[in-house]
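Comments concern the structure below.
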Amino acid sequence: MIAREGVCNLRALVAVTLVLAAPLAGAAVPVELKRETVLAYNTYVRLTEARIERELADAKNFLWPDTLPAAQRRQAYAALRAGQVLIEERQTRDARGQEIEIPDGMVHHWLGVVFLPGVRLEQALALAQDFEHAEQYFGPDVQESKLLAREGDRFRVWMRLRRKKIVTVVVHATQEAFFRRLSPVRASSRGEALRIAEVENPDTPEEKEKPVGNDRGFLWRMNTYWRYEEKDGGTYVQLEAIALSREIPPVLRWFVAPLVKSAAREYLTHILEGFRRALVGKAGERARGGLPPLRETTPTGSDVLSCSPPWQSASEFC
């Protein structure tokens, strides 16, 4: 009986080991980004942006906490002013309220908010536009950043991004960012990755870019949407991020999905905390430089359904 139990336990151990190792082995296998995956992701982004434009035009519900019921809204703002970063997973649905299918792909959609006490709107915008020094504020996720071009409130930027969660992923991303001044105390910006290339053998003499769209599929597309509002003796910064990656096989989803969600939460938290580290207190003195004022624009929008679970503090996930 003891021998039989020992064999069963050994088999169970081998089975668990194979399951846990499978994501790593699968991650090393290149996958190709398909046209139908891109089209579905573009639909997801388009519907999300329609909802965002409507919110930007809403005088009362500019930030995510503003949309919560009164008691939750007070609780959220109290947590933000106490120094917490609030994080929420998002999901955009179609006009019928149905989930948007992404064939052979997976959408990661998260939103986070941070409060910067004593920081003016202009100071937050100056840091957001300081792309030449992004690695100083947002490292180690941002390893290197270069401003390629600027035309008014439109920026083109190259970044080297690094993320480690079981496996290390390094990508080169060329992004375009556009800033809008909505009022004396409000502004927004949006960013889109125009090109993303995974780096093979990073930080070695053999380093090179993998073919775009034919890599391990950790990051194929990325869109970011920022909001800035000065009130309550400081400035609130809100980041909504959407990313596209390869699909997780159903048999591995139970193990891999929590890791993917954890990495997304950690990334948003780190970026927003980078704003606070750079701008709040003595550490922010160097970052408080001036940039040309943004032109005022008036946003327009349309309706879209959006799923929004209850807010949670980022610290609850760590």
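Here our numbering is used: the first residue of the sequence shown is 36, the next is one more, and so on.
A virtual CB, placed ideally from N, CA and C, is assigned to each residue, including glycine.
As the structure is a computational prediction, the values presented were derived from the model and not from experiment.
Contact fails between the stretch 87-96 and the stretch 303-312, because fewer than three Cβ pairs, one in each stretch, are under 8 Å apart. With a cutoff of 8 Å on beta-carbon distance, ALA212 and PHE190 are scored as near each other.
A direct Cα-Cα distance of roughly 15 Å separates VAL272 from SER218. The beta carbon of ALA228 is closer than 6 Å to those of ALA208, GLN210 and MET257 in its chain, skipping five residues each way along the sequence. Judged by their CB atoms, LEU274 and TRP261 are nearer to each other than the 8 Å cut-off. Contact check for THR270 and LEU196: beta-carbon distance about 25 Å, past the 8 Å limit, so the pair fails to qualify. Residue burial is scored here from C-beta neighbours: PRO100 has at least 16 other C-beta atoms within 10 angstroms and is therefore classed as buried. DSSP, reduced to helix, strand and coil, places ASN96 outside both helices and strands of the structure shown, so it counts as coil. Where ALA117 is concerned, there is no enclosing alpha helix (DSSP H), because DSSP gives it neither an H nor an E. In the three-state reduction of the DSSP assignment, ASP101 falls in the helix class. Assignment of beta-bridge partners to PRO152 by DSSP yields GLY269.
Per DSSP, GLU71 lies in no beta strand (DSSP E); the unbroken alpha helix (DSSP H) holding it starts and ends at 70-91. Counting C-beta atoms within 10 angstroms of its own C-beta, THR83 has 16 or more neighbours from the protein chains shown and is therefore classed as buried. In terms of Cβ geometry, ALA105 and ARG198 do not form a close pair [threshold 8 Å]. At the C-beta level, ARG125 and HIS144 come within 8 Å of one another. It is roughly 26 Å from the alpha-carbon of PRO285 to the alpha-carbon of VAL206. One thing to note: ARG216 has its Cβ within 8 Å of the Cβ of ALA222.
Inter-residue distance for GLU123 and VAL247 is about 30 Å (C-alpha atoms, whole angstroms). Looking at the backbone, the Cα of ALA232 and that of TYR263 are separated by about 30 Å.
The continuous beta strand (DSSP E) containing GLN210 extends over residues 202-218. THR239 sits in coil when the DSSP states are folded into three classes, being neither helix nor strand. ASP267 sits exposed, since fewer than 16 C-beta atoms from the chains shown fall within 10 Å of its C-beta.
In terms of CA proximity to GLY147, TYR112 leads the group ASP139, TYR112, ILE137 and GLU167.
The continuous stretches of beta strand (DSSP E) do not include GLU170, which lies in the alpha helix (DSSP H) extending over residues 169-173.
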